[in-house]
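Right, one structure below, let's go through it.
In my numbering, the protein residues as written are 23 to 271.
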């Protein structure tokens, strides 16, 4: 996916989350986020979007303290407040130079990082909102494949010793990836747990364990929303389970 596609996802998934909150109500439990209710979810995503917009707009070289700028809307005003936060992020991204250097979670980041990060942030939390409201709406396959790629690009390198090992391998395979696609878009990856941390290549190769499923289910599994039983798992299930939630927010 490119920044224009990520931009569209931020805009559309944000509105879908707002609608889900309106339909389900602000007090429904968010089953996939611990003890949160919808108000907590809407507040979290809105504050993340406000923080991301400020980061893109001011292009700092160090992380802005998000806690210091958090707001806490009431249930009565939360959805309108969230829509304002989302509109602010959308307008900021629309005016941004995607190649401009800016602080990100990884070195040498550019604004394009935030297009992708915010698209993936809101898409997973939109699923949280719909799922908790009883409306099971999968993440779009293209967006979900990109989300797995981002998880591997971002969460795996930052996973510390959680994903170290002695050469054990896991193969991830999206069953609904685009036929004939190359690289990450092919929806297949080989992850190797080494003593220095995990390595990742886009490849169709045999491994000690494999997990197959739709891109949405695999993405949600990595973010701690699905169980191994929701996927087709072959080989050492414990290796697959090590991936679940290793980078979950």
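In this text, a Cβ means the ideal position worked out from N, Cα and C, and glycines have one as well.
Item: Endpoints, beta strand (DSSP E) assigned at residue 221; Value: 219-223
Item: Neighbourhood of residue 261 by C-beta, 7 Å cutoff - its chain only, sequence neighbours within 5 removed; Value: 190, 192, 230 and 231
Item: Collapsed DSSP secondary structure at residue 214 in the structure displayed; Value: strand
Item: Reduced DSSP category for residue 111 - H, G, I as helix; E, B as strand; rest coil; Value: helix
Item: Anticipated Cβ contact below 8 Å, residue 138 with residue 28, distance rounded; Value: 5 Å
Item: Span separating the alpha-carbon of residue 194 from that of residue 240; Value: 8 Å
Item: Residue 192: first and last residue of the uninterrupted beta strand (DSSP E) it sits in; Value: 190-196
Item: C-alpha gap between residue 166 and residue 145, whole angstroms; Value: 9 Å
Item: N-terminal and C-terminal residue of the alpha helix (DSSP H) that residue 75 is part of; Value: 60-80
Item: Coil, strand or helix - residue 34 by DSSP; Value: helix
Item: Beta-carbon spacing of residue 78, residue 124 below 8 Å; Value: yes
Item: Span separating the alpha-carbon of residue 207 from that of residue 228; Value: 19 Å
Item: Contacts around residue 64, its chain only, beta-carbon distance under 6 Å, and the 5 residues preceding and following it disregarded; Value: 43, 100 and 104
Item: Residues bridged to residue 232 (per DSSP); Value: 193 and 256
Item: Sub-8 Å separation of residue 187 and residue 216 beta-carbons; Value: yes
Item: Residues near residue 112 in its chain [Cβ-Cβ closer than 8 Å; skip 5 each side]; Value: 29, 32, 33 and 36
Item: Cβ pair residue 233, residue 212 closer than 8 Å; Value: no
Item: Residue range of the alpha helix (DSSP H) that includes residue 243; Value: 237-244
Item: Beta-bridge pairing of residue 132 - partner residues as DSSP gives them; Value: 123
Item: Residue 176 versus residue 220 - alpha carbon distance; Value: 12 Å
Item: Per-residue burial, residue 95 [other beta carbons within 10 Å of its own, 16 or more giving buried]; Value: buried
Item: Nearest-angstrom beta carbon gap, residue 97 and residue 153 [assumed within contact, 8 Å]; Value: With 8 Å as the limit, residue 153 and residue 97 do not qualify as a contact, their Cβ atoms being about 20 Å apart.
Item: Selected residue, minimal CA-CA separation from residue 141, among 173, 251 and 226; Value: 173
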